[in-house]
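Q: Okay, handing you the structure first.
Numbering (the numbering used here), first residue to last: 456 to 586.
Given below as structure tokens:
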């Protein structure tokens with residue numbers, strides 16, 4: 456007598472989780488490709504910004520690299536010291552650099568401020584300058 460053959464069904468594979476993982480991988484690679492592009496060059500100090508309420512200390516840098524608070528010229532160490540004192544009182548620190556000041560001068564001042572404990576400083580821009 457012949458034995459009846461039972462038909463085995465193939466195991467079902469759920470594709471929904473695989474599609475979800477594939478979608479997340481695609482999103483990840485698209486976003487990393489978009490954000491890894493080099494930054495575009497910009498003209499500083501022109502731009503737009505908003506006025507921040509409250510007290511602030513403005514460090515001005517003229518085209519010769521001199522640092523001023525109001526009309527008073529200070530050395531770099533004195534300016535950083537004044538900024539730390541005002542930042543400790545809750546005031547904001549703003550850097551107003553002349554358009555002709557080398558970018559490295561502004562960055563080095565920001566680094567010195569950060570090293571002294573001023574972890575946030577703003578850059579003053581002129582919204583009337585063509586960008």
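In this text, a Cβ means the ideal position worked out from N, Cα and C, and glycines have one as well.
Just so it is clear, the structure is predicted and the values come from calculations on it, not from any experiment.
Can residue 539 and residue 577 be called in contact, C-beta distance under 9 Å?
A: Cβ atoms of residue 539 and residue 577: not closer than 9 Å.
Q: So is residue 464 buried or exposed if we call it buried at 16+ other beta carbons inside 10 Å?
A: By the neighbour-count rule (16 or more Cβ atoms within 10 Å), residue 464 is not buried but exposed.
Q: To the nearest angstrom, report how far apart residue 572 and residue 473 are at their CA atoms.
A: Distance between the alpha carbons of residue 572 and residue 473 is about 48 Å.
Q: With residue 563 as the anchor, note down where its alpha helix (DSSP H) starts and where it stops.
A: Element bounds for residue 563: 558 to 570.
Q: So, does the stretch 513 to 529 touch the stretch 478 to 488, judging by three or more C-beta pairs under 8 Å?
A: No: fewer than three Cβ pairs fall under 8 Å.
Q: Can you tell me where the beta strand (DSSP E) holding residue 525 begins and where it ends?
A: It is not in any beta strand (DSSP E) - residue 525 carries neither H nor E in the DSSP assignment.
Q: Can you tell me whether DSSP reads residue 486 as helix, strand or coil?
A: Residue 486: helix per DSSP, three-state reduction.
Q: For residue 549, which three-state DSSP category applies?
A: If DSSP states are grouped into helix, strand and coil, residue 549 belongs with the strands.
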